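So the structure is just underneath, and the comments pick up after that.
2 protein chains.
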Amino acid sequence: MQAYTSSRISLSPHLAQPALPATLGSGPVQPISFFPAGSEIYAQGEKAGAFYQVEFGAVRIYRLLADGRRQISAFHLAGETFGFEAGATHHFFAEAINATGVRVFRLNAGADMSHQLLPLALKGLTRAQEHLLVLGRQNAIERVAAFLVDMVERQGGLRQVELPMSRMDIGDYLGLTIETVSRVFTRLKDKGVIRLLNLRSVEILKQDVLQTMGE
Amino acid sequence: MQAYTSSRISLSPHLAQPALPATLGSGPVQPISFFPAGSEIYAQGEKAGAFYQVEFGAVRIYRLLADGRRQISAFHLAGETFGFEAGATHHFFAEAINATGVRVFRLNAGADMSHQLLPLALKGLTRAQEHLLVLGRQNAIERVAAFLVDMVERQGGLRQVELPMSRMDIGDYLGLTIETVSRVFTRLKDKGVIRLLNLRSVEILKQDVLQTMGE
DNA sequence: CGCCATATTGAAATTCATCAAATGCGGTGG
DNA sequence: CCACCGCATTTGATGAATTTCAATATGGCG
Numbered sequence: 001m002q003a004y005t006s007s008r009i010s011l012s013p014h015l016a017q018p019a020l021p022a023t024l025g026s027g028p029v030q031p032i033s034f035f036p037a038g039s040e041i042y043a044q045g046e047k048a049g050a051f052y053q054v055e056f057g058a059v060r061i062y063r064l065l066a067d068g069r070r071q072i073s074a075f076h077l078a079g080e081t082f083g084f085e086a087g088a089t090h091h092f093f094a095e096a097i098n099a100t101g102v103r104v105f106r107l108n109a110g111a112d113m114s115h116q117l118l119p120l121a122l123k124g125l126t127r128a129q130e131h132l133l134v135l136g137r138q139n140a141i142e143r144v145a146a147f148l149v150d151m152v153e154r155q156g157g158l159r160q161v162e163l164p165m166s167r168m169d170i171g172d173y174l175g176l177t178i179e180t181v182s183r184v185f186t187r188l189k190d191k192g193v194i195r196l197l198n199l200r201s202v203e204i205l206k207q208d209v210l211q212t213m214g215e
Numbered sequence: 001m002q003a004y005t006s007s008r009i010s011l012s013p014h015l016a017q018p019a020l021p022a023t024l025g026s027g028p029v030q031p032i033s034f035f036p037a038g039s040e041i042y043a044q045g046e047k048a049g050a051f052y053q054v055e056f057g058a059v060r061i062y063r064l065l066a067d068g069r070r071q072i073s074a075f076h077l078a079g080e081t082f083g084f085e086a087g088a089t090h091h092f093f094a095e096a097i098n099a100t101g102v103r104v105f106r107l108n109a110g111a112d113m114s115h116q117l118l119p120l121a122l123k124g125l126t127r128a129q130e131h132l133l134v135l136g137r138q139n140a141i142e143r144v145a146a147f148l149v150d151m152v153e154r155q156g157g158l159r160q161v162e163l164p165m166s167r168m169d170i171g172d173y174l175g176l177t178i179e180t181v182s183r184v185f186t187r188l189k190d191k192g193v194i195r196l197l198n199l200r201s202v203e204i205l206k207q208d209v210l211q212t213m214g215e
């Protein structure tokens, strides 16, 4: 875990979500680590013992098969937390998608954080199970629609959505190839449901249609 | 939630796993509810406020799309716990697969169960995320192999595995149709990897091959 | 022993992946 | 500021895997 810890990081002025509940934010200020695009935050098999809050940037959590196939189980945007796991070691990889600042909360043996962690773990569990429905039972266009709706909601419901991740990341999150993801974007564009402002930002023209597609 | 609570249930003498940690089992004995095959334990939208331990039988947790497509996110066998969720209401359905006895632990507002629940939630989270890899990135035969390996492990690694659920349940768990599940079973049989003793029990002839397929 | 639901098998259709080529965006340097 | 370069993305053609539709077989239970 090669972190570029810095004390003079300029934090993003526009966090997508409020910070953690006051109970977590109180006490001594936690250090912020900076990770360049593509760098590893932790690896599968590594010792766990901390959890993380994204200050700015975006993080992908994933797992690999022996032959290199990758499944991204979650993206984490500014304000969101990740990294708490069962057992002493990480079961997944965490990487910065682009330049990312992360606040690290070390779990020291003494303090009991169950109260804070349980709601986060339960929320993560619900998200993962909902994602199972998408991967198990929805077709390509429904998957992309569900993904876009989710991103809209996590970015405050604005018409314009930023996609910090590549098409490959989106594919590996949705269980599709990049070609299929690209074709679906084109189809949604042709239907007048979305508009591609540039590769990384989408304008939602028909939120209701998208909503219905993603169920 | 139509439970047939009974005080004279004969518990299965062979729980697949030990009961909950002593911290949960201590205190007043929790009531056991009996659910016939196919009956609902709780429904999506229903008020939460308890968690459950399977005493005997098996439970499926699932979610539905508007058009009836179903994704089973988890099966729970004897000894396993389920039902804790984020928020005040259930996001999923829980049904008894066959005649099932469930020990109900009500969460009363006073007592704090974070310590007991957090490890369970984290374990569930890990399981769900691993299942995401299966649904997102593995083909039909790999999915069935992963499923069988999981069932073997949860039943103590014996050569003979009991499958309490139907092919339809397995399909809805693996994101496949019943026909595909059936064909894969046949293929595994023809390859000499498994032997179908009857519809609900499988003998594992080549555990290593299965293990490798399921990654 | 026979019935009926569940499961298996078969053939055709569909969706998505793969392989391949072209486009274009974003960043760099002149 | 503009042109160029490299890489991500898009688009196209083909193929493979899985679904769908349909028929048959099986076996669990009365």
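Sequences listed follow chains S and E, in order. Sequential numbering of the first sequence, starting at 1, is according to full-length UniProt numbering. Sequential numbering of the second sequence, starting at 1, is according to full-length UniProt numbering. From the three backbone atoms N, C-alpha and C, an ideal C-beta is built for every residue, glycine too. Remember, predicted model here, so these are calculated numbers, not experimental data.
Burial state of residue i (16 or more Cβ within 10 Å)
i: S:G136; result: buried
i: E:E80; result: buried
i: E:R159; result: exposed
i: E:V29; result: exposed
i: S:Q129; result: buried
i: S:M168; result: exposed
i: E:P13; result: The predicted model places E:P13 with a pLDDT of 35, which falls under 50 and marks its position as unreliable; any figure quoted below should be read in that light. When all chains shown are included, E:P13 counts as exposed.
i: E:A94; result: buried
i: E:R103; result: buried
i: E:D172; result: buried
i: E:R106; result: exposed
i: E:A22; result: Caution is warranted here: a pLDDT of 36 is assigned to E:A22, below 50, making its placement in the model unreliable, and the coordinate value is therefore given only provisionally. Its Cβ having fewer than 16 others within 10 Å, E:A22 is exposed.
i: E:G110; result: exposed
i: S:A66; result: exposed
i: S:Q116; result: buried
i: S:S26; result: Here the model assigns S:S26 a pLDDT of 48, short of 50, so the residue's position is not dependable and the matter cannot be decided.
i: S:E153; result: exposed
i: S:G68; result: exposed
i: S:R200; result: exposed
i: S:G175; result: buried
Short CB-CB distance (under 8 angstroms) between residue i and chain S
i: E:T5; result: With a pLDDT of 48 at E:T5, under the threshold of 50, the predicted position of this residue should be treated as unreliable, though the coordinate-derived value follows. It does not; no Cβ of chain S falls within 8 angstroms.
i: E:A86; result: yes
i: E:F92; result: yes
i: E:P164; result: no
i: E:K47; result: no
i: E:E215; result: yes
i: E:L122; result: yes
i: E:S73; result: yes
i: E:H76; result: no
i: E:Q44; result: no
i: E:S201; result: no
Simplified DSSP assignment, three categories, for residue i
i: S:G101; result: strand
i: E:V209; result: helix
i: S:A58; result: strand
i: E:E130; result: helix
i: S:V149; result: helix
i: S:H115; result: helix
i: E:V29; result: coil
i: S:K47; result: strand
i: S:S182; result: helix
i: E:V144; result: helix
i: E:R63; result: strand
i: S:P200; result: Here the sequence assigns Arg to residue 200 of chain S, which means Pro is not the residue at that position. If DSSP states are grouped into helix, strand and coil, S:R200 belongs with coil.
Between the CA atoms of residue j and residue i - distance to the nearest angstrom
i: S:I72; j: S:M165; result: 11 angstroms
i: E:N139; j: E:V193; result: 17 angstroms
i: S:E203; j: S:V161; result: 6 angstroms
i: E:Q211; j: E:R187; result: 16 angstroms
i: E:Y42; j: S:L196; result: 43 angstroms
i: E:H90; j: E:N198; result: 35 angstroms
i: E:T100; j: E:F34; result: 6 angstroms
i: S:G57; j: S:A37; result: 9 angstroms
i: S:D150; j: S:I170; result: 13 angstroms
i: E:E112; j: S:D112; result: Strictly speaking, residue 112 of chain E in this sequence is Asp, with Glu absent from that position. Going from the Cα of E:D112 to the Cα of S:D112 covers about 13 angstroms.
i: E:R70; j: S:I141; result: 18 angstroms
i: E:E85; j: E:K123; result: 13 angstroms
8 angstroms Cβ cutoff met for residue i and residue j
i: E:A78; j: E:V54; result: yes
i: E:H76; j: S:L132; result: no
i: S:G83; j: S:F51; result: yes
i: S:L125; j: E:A146; result: no
i: E:Q44; j: E:R60; result: no
i: E:S114; j: S:S39; result: no
Beta carbon proximity, residue i to chain E, threshold 8 angstroms
i: S:P119; result: yes
i: S:R63; result: yes
i: residue 216 of chain S; result: Absent from the structure is residue 216 of chain S, since the part of chain S shown begins at 1 and ends at 215.
i: S:R69; result: yes
i: S:A111; result: no
i: S:A66; result: yes
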